[in-house]
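Chemist: Mind looking over this structure? Questions follow.
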Amino acid sequence: MASLAARRAKDTTIKAISTVFAVFAIFLLAWILWTLLARGLPALSLGVFTNVTAPPGQNGGLANAIVGSLIQIVIAMAIGGPIGIFAGTFLAENGKGTRIGAAARFVNDILLSAPSILVGLFIYGFLVVPFGGFSGWAGALALAILVIPVVVRTTEDMLNLVPVGLREAAFALGAPQWKVVMFITWRAAKAGIVTGVLLAIARAAGETAPLLFTSLGNNSWSLDLSKPMASLPIAIYQYAGSPFDDWVALAWAGALIITVGVLVLNILARLFLARTK
Amino acid sequence: MDATMDTRGGGQIEPITKAKATGAVSDPIFIALLWASGIFVLLLLGLIIAQLFMGGLPALQHFGLDFIWTANWNPVTENYGALVMIYGTLFSAVIAVVVALPLSFGIAFFLTEICPQAFKRPIGVAVQLLAAVPSIIYGMWGFFVIVPLMAAYVQPPLIETLGQVPILGLLFSGPPLGSGMLTAGLILAVMILPFITAMFVETLESVPPMLKESAYGVGGTTYEVYKNVSIPYGRTAMVGAIMLGLGRALGETMAVTFVIGNATRLSASLFAPGATIASTIANEFPEAPIGSLKLTSLLQLGFILFVISFIVLALSRALVRSRLD
Numbered sequence: 001m002a003s004l005a006a007r008r009a010k011d012t013t014i015k016a017i018s019t020v021f022a023v024f025a026i027f028l029l030a031w032i033l034w035t036l037l038a039r040g041l042p043a044l045s046l047g048v049f050t051n052v053t054a055p056p057g058q059n060g061g062l063a064n065a066i067v068g069s070l071i072q073i074v075i076a077m078a079i080g081g082p083i084g085i086f087a088g089t090f091l092a093e094n095g096k097g098t099r100i101g102a103a104a105r106f107v108n109d110i111l112l113s114a115p116s117i118l119v120g121l122f123i124y125g126f127l128v129v130p131f132g133g134f135s136g137w138a139g140a141l142a143l144a145i146l147v148i149p150v151v152v153r154t155t156e157d158m159l160n161l162v163p164v165g166l167r168e169a170a171f172a173l174g175a176p177q178w179k180v181v182m183f184i185t186w187r188a189a190k191a192g193i194v195t196g197v198l199l200a201i202a203r204a205a206g207e208t209a210p211l212l213f214t215s216l217g218n219n220s221w222s223l224d225l226s227k228p229m230a231s232l233p234i235a236i237y238q239y240a241g242s243p244f245d246d247w248v249a250l251a252w253a254g255a256l257i258i259t260v261g262v263l264v265l266n267i268l269a270r271l272f273l274a275r276t277k
Numbered sequence: 001m002d003a004t005m006d007t008r009g010g011g012q013i014e015p016i017t018k019a020k021a022t023g024a025v026s027d028p029i030f031i032a033l034l035w036a037s038g039i040f041v042l043l044l045l046g047l048i049i050a051q052l053f054m055g056g057l058p059a060l061q062h063f064g065l066d067f068i069w070t071a072n073w074n075p076v077t078e079n080y081g082a083l084v085m086i087y088g089t090l091f092s093a094v095i096a097v098v099v100a101l102p103l104s105f106g107i108a109f110f111l112t113e114i115c116p117q118a119f120k121r122p123i124g125v126a127v128q129l130l131a132a133v134p135s136i137i138y139g140m141w142g143f144f145v146i147v148p149l150m151a152a153y154v155q156p157p158l159i160e161t162l163g164q165v166p167i168l169g170l171l172f173s174g175p176p177l178g179s180g181m182l183t184a185g186l187i188l189a190v191m192i193l194p195f196i197t198a199m200f201v202e203t204l205e206s207v208p209p210m211l212k213e214s215a216y217g218v219g220g221t222t223y224e225v226y227k228n229v230s231i232p233y234g235r236t237a238m239v240g241a242i243m244l245g246l247g248r249a250l251g252e253t254m255a256v257t258f259v260i261g262n263a264t265r266l267s268a269s270l271f272a273p274g275a276t277i278a279s280t281i282a283n284e285f286p287e288a289p290i291g292s293l294k295l296t297s298l299l300q301l302g303f304i305l306f307v308i309s310f311i312v313l314a315l316s317r318a319l320v321r322s323r324l325d
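Those protein sequences? They're chains P and V, same order as listed. Residue numbering for the first sequence is 1 to 277, as defined by full-length UniProt numbering. Residue numbering for the second sequence is 1 to 325, as defined by full-length UniProt numbering.
Have a look at this one:
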């Protein structure tokens, strides 16, 4: 065995390296945020929010992309949120200990990390081809599939934290299961479930790949969900790779908007969760 | 628990006979909804697999199993093979894990053993926020910031030094374009770092204090206890965490598409532009009309990616949950 001094020296060195690594991770986050602020802020103006995307040099904005993203996220959450909460409740209550429950939990864990681009391809084959074209609905459904596993996972985890005694007390009073779940278990786990929903919104807001094959993007103002629909990530993708300076600047403005939104949602979610613990 | 208090006001006092009836109709409906949602999630994966398989079937029938190990992707002659993309997917993901792993070990050590309690949460959250940044933002950051840095400061010196060594030099050959496998791997490393670190920390915090204290008691240093007690204790789950990172890196699309260079050639060099399955699908899809051989080939690529991800993620889950169940 090495001498005590040598072991201490090794210990100190590795502690120093680990600290440097942690500082480096924070530095990376700061670097990304700094890049976004430095390039996105100068491009950010009221016009970004009010003007529709336009050909280069014509003072276009991202209004249709922002609204398109919001619409698709709202629909995705309206579909995926309830399914996710119900499926998560199923895993924590009725499906607990059953084979179907175990299988659904396994599938959900896979879906949570499965490549999002494949969900886009799935909706493409499932909806876009049979129904004859790209549409806002297809985009919203692709996002819905992506938010379900996030909501399921957090809902199940949070419901498992609710003491069994609370449920038993309600059942003992003669409450039917739907009342126990809706007014006792869900209410006790409310903050946790909201956390899951917020994280799911954050995930849906940043997803780009699945929208490429579903809602496609749209350069004019359109609220028609049966037509291709613009979205912020797709507009950024389209503009960032373009050779026009004003489009690239708009892409940075869009990137800043998305990132701030997503990070705020994440921090809010964590605050919600911290309050329950 | 305020939940019990709140419901007291909501539930009305009714005759026993009537109260029995409330659950009789509504409960089966509610329970059916719960089961339906659970089974829907279960079926979803099957539907996705079936859809990708059916979509890619024409390409499989046309090229046979040779599709998997053909290194040809030629839209002009309509000759498609998946080897270059499979290679690129695995290569970039392995680079990502190799780079992220030491960082995760270090950061997890810092968070569990070194960091003062007051800073633990903010630093942990900051690392986690790296996972929240959308893929496309990593793509832009990589494309506009990292690629020029790689081309100017990282690749030229590596080519001049390591690139001259026989055999090993193959990894560092080619022009310093900035984009390519290494750049893609590095960006992916940053993206999977928070996932691996979070699971490492969770595992390390579950190590029984008694075990660690015994090791300290016989004179171990903090690092020795970390290396010889904590890590061996959590080994299985930590391997699972690494697999999860790998699984995430395999399917990452937008970030990779921006920085990998999108060339469908096979090259051993870290600096050569390449392609992953996901980046190829994202790139070539707009030029693949419905019913074309190209589109079915892309769908077949998607199916292959699904199979690879599924194996890695399922393995990861088995390892992570093995100790818990």
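Yeah, the Cβ is synthetic: ideal placement off N, Cα and C, and Gly gets one too.
Could you tell me whether the Cβ of D27/V comes closer than 8 angstroms to any Cβ of chain P?
Modeler: What you label residue 27/V is simply residue 27 of the second sequence in a count that begins at 1. Yes, its Cβ sits closer than 8 angstroms to a Cβ of chain P.
Chemist: So, is F272/P buried or exposed, given that buried needs 16 or more other C-beta atoms within 10 angstroms?
Modeler: What you label residue 272/P is simply residue 272 of the first sequence in a count that begins at 1. Classification of F272/P: buried, given that the 10 Å Cβ count is 16 or more.
Chemist: Indicate whether A184/V and S104/V have their beta-carbon atoms separated by less than 8 angstroms.
Modeler: On the second sequence, residue 184/V is found 184 positions in, with the first residue counted as 1. On the second sequence, residue 104/V is found 104 positions in, with the first residue counted as 1. Cβ distance not < 8 angstroms, so A184/V and S104/V don't count as in contact.
Chemist: Tell me which same chain residues have a C-beta within less than 7 angstroms of the C-beta of S231/P, skipping the five on either side of it?
Modeler: What you label residue 231/P is simply residue 231 of the first sequence in a count that begins at 1. Correct list, in chain order: A65, G68, S69, Q72, G139, L211, S215 and G217.
Chemist: Find the residues of chain P that neighbour L130/V, judging by a C-beta separation of less than 7 angstroms, and give them in chain order.
Modeler: If you number the second sequence from 1, residue 130/V lands on position 130. Here the neighbours are A25, L28 and L29.
Chemist: Just to confirm the assignment, what range does the alpha helix (DSSP H) spanning T112/V have?
Modeler: Here residue 112/V is taken as the residue at index 112 of the second sequence, counted from 1. Careful: T112/V lies outside any alpha helix (DSSP H) and carries neither H nor E.
Chemist: For the segment 199-214 of chain P, enumerate the residues whose C-beta is nearer than 7 angstroms to any C-beta of chain V, in chain order.
Modeler: A202, G206, T208, A209, L212 and F213
Chemist: Does any CB atom of chain V fall closer than 8 angstroms to the CB of F86/P?
Modeler: Numbered from its first residue, the first sequence carries residue 86/P at position 86. Output row for F86/P: interface = yes.
Chemist: What's the C-alpha gap between I100/P and P116/V?
Modeler: For the purposes of this step, residue 100/P is taken as the residue at position 100 of the first sequence. For the purposes of this step, residue 116/V is taken as the residue at position 116 of the second sequence. Each residue's alpha carbon lies about 44 angstroms from the other.
Chemist: How many whole angstroms separate the CB atoms of G80/P and V147/P, which I take to be in contact at a CB cut-off of 8 angstroms?
Modeler: Here residue 80/P refers to the residue found at position 80 of the first sequence. Here residue 147/P refers to the residue found at position 147 of the first sequence. Sure, about 4 angstroms apart at Cβ, within 8 angstroms.
Chemist: For N160/P, which of helix, strand or coil comes out of DSSP?
Modeler: On the first sequence, position 160 is the one that residue 160/P refers to. N160/P: helix per DSSP, three-state reduction.
Chemist: Is the CB-CB distance between L250/V and Y233/V below 8 angstroms?
Modeler: For the purposes of this step, residue 250/V is taken as the residue at position 250 of the second sequence. For the purposes of this step, residue 233/V is taken as the residue at position 233 of the second sequence. Cβ atoms of L250/V and Y233/V: not closer than 8 angstroms.
Chemist: What does the Cβ neighbour count give for T221/V, buried or exposed, with the cut at 16 atoms within 10 Å?
Modeler: Numbered from 1 along the second sequence, position 221 holds the residue referred to as residue 221/V. Counting other Cβ atoms within 10 Å of its Cβ, T221/V reaches 16 or more and is therefore classed as buried.
Chemist: Within its chain, find whatever has a CB closer than 6 angstroms to the CB of G10/V; leave out the 5 residues flanking it on each side and keep chain order.
Modeler: Within the second sequence, the letter at position 10 stands for residue 10/V. Model confidence at G10/V stands at a pLDDT of 49, short of 50, so the residue's coordinates are unreliable; what they give is reported in the following sentence. Excluding residues within five positions, none has a Cβ falling inside 6 angstroms.
Chemist: In chain P, what lies closer than 9 angstroms to S135/V by C-beta?
Modeler: Locating residue 135/V in the second sequence gives position 135, where the first residue counts as 1. Here the neighbours are S116, G206, E207, T208, A209 and P233.
Chemist: So that I know if they touch, is there some Cβ in chain P lying closer than 8 angstroms to that of Q300/V?
Modeler: Taking the first residue of the second sequence as 1, we reach residue 300/V at position 300. Not closer than 8 angstroms to any Cβ of chain P, the Cβ of Q300/V fails to qualify, so no.
Chemist: Opposite M229/P in the DSSP bridges: which residues?
Modeler: Numbered from its first residue, the first sequence carries residue 229/P at position 229. Looking at the DSSP assignment, M229/P forms a beta bridge with L216/P.
Chemist: Compare the C-alpha of R187/P against each of L198/P, L161/P and A200/P and name the closest.
Modeler: Here the question's residue 187/P lines up with position 187 in the first sequence. It is L161/P.
Chemist: Kindly list, in the order they appear in chain V, the residues whose Cβ is closer than 8 angstroms to that of A251/P.
Modeler: One-based indexing of the first sequence puts residue 251/P at position 251. The contacting residues are M140.
Chemist: Could you tell me how far apart the beta carbons of V262/P and P134/V are, in whole angstroms, since I believe they sit closer than 8 angstroms?
Modeler: Indexing the first sequence from 1 puts residue 262/P at position 262. Indexing the second sequence from 1 puts residue 134/V at position 134. Confirmed, about 6 angstroms.
Chemist: Confirm, please, whether the CB-CB distance from T112/V to V201/V is below 8 angstroms.
Modeler: By 1-based counting over the second sequence, the position of residue 201/V is 201. By 1-based counting over the second sequence, the position of residue 112/V is 112. A contact, by the Cβ cut-off of 8 angstroms.
Chemist: Going by other Cβ atoms of all chains shown within 10 Å of its Cβ, with 16 needed for buried, is Q61/V buried or exposed?
Modeler: As a working mapping, residue 61/V is identified with position 61 in the second sequence. Looking at its Cβ environment, which holds fewer than 16 other Cβ atoms inside 10 Å, Q61/V is exposed.
Chemist: Would A63/P and W252/P qualify as a contact pair, given that the criterion is a beta-carbon distance under 8 angstroms?
Modeler: Translated into the one-based positions of the first sequence, residue 63/P becomes position 63. Translated into the one-based positions of the first sequence, residue 252/P becomes position 252. Against a cut-off of 8 angstroms, the Cβ pair of W252/P and A63/P comes out as no contact.
Chemist: Among G192/P, G174/P and V264/P, whose alpha-carbon lies nearest the alpha-carbon of A274/P?
Modeler: Reading the first sequence from its first residue, position 274 is the one you call residue 274/P. Minimum Cα distance to A274/P is reached at G192/P.
Chemist: What are the start and end residues of the alpha helix (DSSP H) that includes D66/V?
Modeler: Counting from 1 along the second sequence, the entry for residue 66/V is found at position 66. D66 to W69 is the span of the alpha helix (DSSP H), which, as asked, contains D66/V.
Chemist: Consider the Cβ of K96/P: report whether some Cβ of chain V lies at a distance smaller than 8 angstroms.
Modeler: To locate residue 96/P, count along the first sequence from 1; it is residue 96. Chain V, which has no Cβ nearer than 8 angstroms to the Cβ of K96/P, makes this no.
Chemist: Is W73/V helix, strand or coil by DSSP?
Modeler: As a working mapping, residue 73/V is identified with position 73 in the second sequence. Three-state result, W73/V: strand.
Chemist: For the segment 44-60 of chain V and the segment 283-299 of chain V, state whether three or more C-beta atom pairs, one from each stretch, are separated by less than 8 angstroms.
Modeler: yes
Chemist: Between which two residues does the alpha helix (DSSP H) harbouring E202/V extend?
Modeler: Walking along the second sequence from the start, residue 202/V turns up at place 202. In the DSSP assignment, E202/V falls within the alpha helix (DSSP H) that extends over M181 to E205.
Chemist: Measuring CB atoms only, is the segment 225-243 of chain V touching the segment 270-288 of chain V, in the sense that at least three cross pairs come out at less than 8 angstroms?
Modeler: With the cut-off at 8 angstroms, the segment 225-243 of chain V and the segment 270-288 of chain V do not touch.
Chemist: In three-state DSSP terms, what is M5/V?
Modeler: Taking the second sequence and counting its residues from 1, one reaches residue 5/V at position 5. Because M5/V sits at a pLDDT of 44, beneath the cut-off of 50, its placement in the model cannot be relied upon, and the point is left open.
Chemist: So what's A144/P in DSSP terms, helix, strand or just coil?
Modeler: Looking up residue 144/P in the first sequence gives position 144. DSSP places A144/P in helix when its eight states are reduced to three.
Chemist: Using the beta-carbon of each residue, which ones in chain V are nearer than 7 angstroms to N266/P?
Modeler: Counted from its first residue, the first sequence places residue 266/P at position 266. L129 and A132, listed in chain order.
Chemist: Using a beta-carbon distance below 8 angstroms, is V129/P in contact with chain V?
Modeler: In the first sequence, counting from the first residue as 1, residue 129/P sits at position 129. V129/P counts as touching chain V.
Chemist: What is the DSSP secondary structure of G261/V, counted as helix, strand or coil?
Modeler: As a working mapping, residue 261/V is identified with position 261 in the second sequence. DSSP places G261/V in strand when its eight states are reduced to three.
Chemist: Take I242/V and list the residues in its own chain whose beta-carbon comes closer than 7 angstroms to its own, dropping the five residues that flank it on each side.
Modeler: Looking up residue 242/V in the second sequence gives position 242. The beta carbon of I242/V is closer than 7 angstroms to those of V97, L101 and I196 in its chain, skipping five residues each way along the sequence.
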